[in-house]
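Below is one structure; the comments refer to it alone.
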Amino acid sequence: MPPTEDQRNALWDISGHPIRGLRVLSARPGTGKTTTLTDYCIDIVARWRNLHYPWQGMALLSYTNVAKDELERKIRRLGQANMLLKPPHFVGTLDAFINQQLFLPYGAQIMQCSAGRPVLVGEPYQQWKSPWKVHNTRPADAYATMFFDCYSVGVDGIPFLIDGTPRQLGAGKKIPAHQVTAGNVAKILSMKKHVWRQGMALQSDAAYIAYQALCASPALTKALVGRFPVLVVDEAQDMTHVQHALIDHLVAAGQQHVILAGDENQAIYEWNTARPHLFIAKCTSGKWQAMPLTQSFRCSPAICAALTVMADDGIVLKPAPSAKNASYSKPVEIRSYDPGCDTERTHEAITSVAQALSGRPPHDGNAAGLKSLAVLARSAKDAQLLQAEFNGLAINAAERTIWNSALTRDYLKVIHLLKRGNLYAALGSFETLLLRAGNHDSIGGMRAALMAQRGMAATDTVDYRVALFQDLTQIASAIPAPELKISDCGRCCSTPLGLIDSSKLAAIRQDCDNFASSAKKDQDRLLSALFADRDARTWLSHPDFSDVQLIFSTAHGVKGETYDGVVFYAKKRVLRCGCSASAATWQKILTHSMVECETKRISYVALSRAAQMLTIVVATDDVKQWQTLTA
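Printed below as a string of structure tokens:
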């Protein structure tokens, strides 16, 4: 479908040529931001040879993997993959771009590391566990290295806290990381720099180190500007202060073509150092030209109206005139619960929405006629409890899950994917497990080492794959109950495997079994909740309406996605929001400024995932405030 007038006005001039320069695209929910960016980039690349050298490329970036995957899918669907998905162009996440172009090749010098290329540690790579040698050799004035993943460093060189969750010290003892103060800045920096000198850094550190590498080398800056004369960033509202500084540094050095696209109302990673106010500042800057997208292809008229009231920023979100969502007629529904009845009332709302969706055409027109229903909550804990109640299970996963073996989570992902019947994905996850189990540098190196250990020739790739499938078959045969928790998976480690050492399997089993103990029972969670990202997600069929499939998640887990229906559970009290008018009740949070209040923006993202039907389940005392959205 060609771009609408709204979309063409955003990134093309009146003669139909793609606009160049510095531009901010502020796109409301479902307005086709990703499609617009994809069409724009393909148009740019089609004219590439007339304006650029063969070795130059475009960098098409996104803040999240989900958004990056959506960009790639849309490019492939348009049949332009060979043009944009290959060198010299780069399509990936902003983190991947920074890692590959700056941090990995040039970061060691900034880190004062002599061990070659640095290594990324901590989430999302692995849970951080400080090696004893690193801990034991730290300077006397440094914090304990167990807190390394609790801090990162800002543009100004001052550390800041990124994870205050207490860290485990011995049996049953937990110690929280301290807030950054004038008295401990030097100790934190000493600890960070000590670990950096060992060649290890967090992903948030990588951006800071990459920025420092650019600032220290005008030649490197000039080379990057020349190599990628066009930068396009999706989900730019979630960029961090350091990432904005990096873009600003390139612009100051001569980068003349940058497109930042996002929605400031959907900035929900401020807890993870995102700084949406910097995106907003560019929208009002004289250096950057801002354009909005306001016609939604996703949300019904009633949902568009509710989101407009919630945002209260003078921009009216409305269905696109030619889109089928303009004909969705169901109103937004507010349901109430009394104390102690919240999960039961939410269950009733799920059944009511499923019944209303059953038999209706799905928003995406899929051939099977399946309707999607997302049950969303503010916290992962609440989403897990709602899912457990819906399944008739008792679970109370409240604490951060801490692994004793660094391989346990990888092994559980293999089990989860096998249980879902996704053999191809399970194969990839199993190879990732083998890579980490053997501390290999690459998948190729791991394959070669395992084949050599088993007396296979370098060309015996068929025998290697047979060995992989034999191990996967052994794991699959040991998978127990239909709905698994972490503590259920230990028995899957009893059968010996051909490609992984038995001692590592024993450590994984012991780790799983520990979650059944009283000390860790509050960390024992469903695998379907542990692996809730889109590629590993478990869909549940509604027991009464087989054409309706459900997922239970948080707003963060479904960002960028669309569902036929959404049931949003608004807990009576939530964690106190961090804006100036700090509050923990929805009565007050709903009156806050969207620009300041991340908790309000998170609920906005949750509500805006719905295409046809939206039901909000709220405490009786909060009904009046929520009903202002539907007035």
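Read left to right, the sequence shown gives residues 1277 to 1907 (our numbering).
Ideal Cβ placement from N, Cα and C applies to all residues, glycine included.
Keep in mind it's a predicted model, so treat the numbers as computed, not measured.
- By the C-beta density criterion, residue 1528 is exposed, having fewer than 16 other C-beta atoms within 10 angstroms.
- Residue ranges of uninterrupted alpha helix (DSSP H) with 4 or more members, entirely inside the region 1395-1419 and ordered along the chain, are 1408-1412.
- The distance from the Cβ of residue 1877 to that of residue 1541 is about 6 Å, consistent with a contact at the 8 Å cut-off.
- In this structure residue 1461 does not touch residue 1521 by the C-beta definition: roughly 20 Å separates them, more than the 8 Å allowed.
- Taking the Cα positions, residue 1678 is about 37 Å away from residue 1887.
- Per DSSP, reduced to three states, the secondary structure at residue 1453 is coil, with no helix or strand assignment.
- Note: residue 1824 is bridge-paired with 1647 in the DSSP secondary-structure output.
- Residue 1871 places its beta carbon 8 Å or farther from that of residue 1564.
- Judged by DSSP in its simplified three-state form, residue 1467 adopts helix.
- Note that the region 1378-1391 does not touch the region 1435-1452; fewer than 3 beta-carbon pairs, one per stretch, sit closer than 8 Å.
- Approximately 17 Å separates the beta-carbon atoms of residue 1513 and residue 1483; this is outside 8 Å, ruling out the contact.
- In this structure residue 1800 is buried. Its beta-carbon is surrounded by 16 or more other beta-carbon atoms within 10 angstroms.
- Around the beta carbon of residue 1351, 16 or more other beta carbons sit within 10 angstroms, so the residue counts as buried.
- Here the alpha carbons of residue 1515 and residue 1538 stand approximately 10 Å from one another.
- For a cut-off of 8 Å, the C-beta gap from residue 1841 to residue 1633 is around 5 Å, short enough to register as a contact.
- A contact between stretches requires three or more CB pairs, one per stretch, nearer than 8 Å, and the region 1837-1851 meets this requirement with the region 1634-1648.
- Distance from the CA atom of residue 1292 to the CA atom of residue 1635, rounded to whole angstroms, is 42 Å.
- With contact defined as three or more Cβ pairs closer than 8 Å, the region 1884-1899 and the region 1612-1623 are in contact.
- Secondary structure within the region 1467-1507: the alpha helix (DSSP H) runs of 4 or more consecutive residues, fully enclosed, are 1479-1492 and 1494-1503 (chain order).
- In terms of Cα proximity to residue 1587, the closest of 1868, 1823 and 1329 is 1868.
- It is roughly 11 Å from the alpha-carbon of residue 1821 to the alpha-carbon of residue 1626.
- Separation of the CB atoms of residue 1726 and residue 1775 is rounded to 6 Å, and the pair is thereby assigned contact status at 8 Å.
- Setting aside the 5 residues that flank it on each side, residue 1360 is surrounded in the same chain by 1317, 1318, 1321, 1334, 1336, 1351 and 1367, each with a C-beta closer than 8 Å to its C-beta; the list follows chain order.
- With 16 or more neighbouring CB atoms inside 10 Å of its own CB, residue 1307 falls in the buried class.
- Here the C-alpha atom of residue 1287 lies approximately 13 Å from the C-alpha atom of residue 1278.
- Collapsing the DSSP output to three states places residue 1833 in a helix.
- If you ignore the 5 residues before and after residue 1599, its C-beta comes within less than 6 Å of the C-beta of 1573, all in its own chain and listed in chain order.
- Distance from the Cα of residue 1763 is smallest, within the candidate group 1687, 1605, 1607 and 1547, for 1687.
- In this structure, the alpha-carbon of residue 1590 lies about 36 Å from that of residue 1660.
- Using a Cβ distance threshold of 8 Å, residue 1658 and residue 1401 do not count as a contacting pair.
- Residues of the same chain with a CB within less than 6 Å of the CB of residue 1584, apart from the 5 flanking positions on each side, are 1592 and 1593 in chain order.
- Residue 1561 carries a coil assignment under DSSP once its states are collapsed to helix, strand and coil.
- With 16 or more neighbouring CB atoms inside 10 Å of its own CB, residue 1766 falls in the buried class.
- Around the CB of residue 1395, fewer than 16 other CB atoms lie within 10 Å, so the residue is classed as exposed.
- Check the Cα spacing between residue 1699 and each of 1667, 1743, 1752 and 1712: the tightest is with 1752.
- By the C-beta density criterion, residue 1547 is exposed, having fewer than 16 other C-beta atoms within 10 angstroms.
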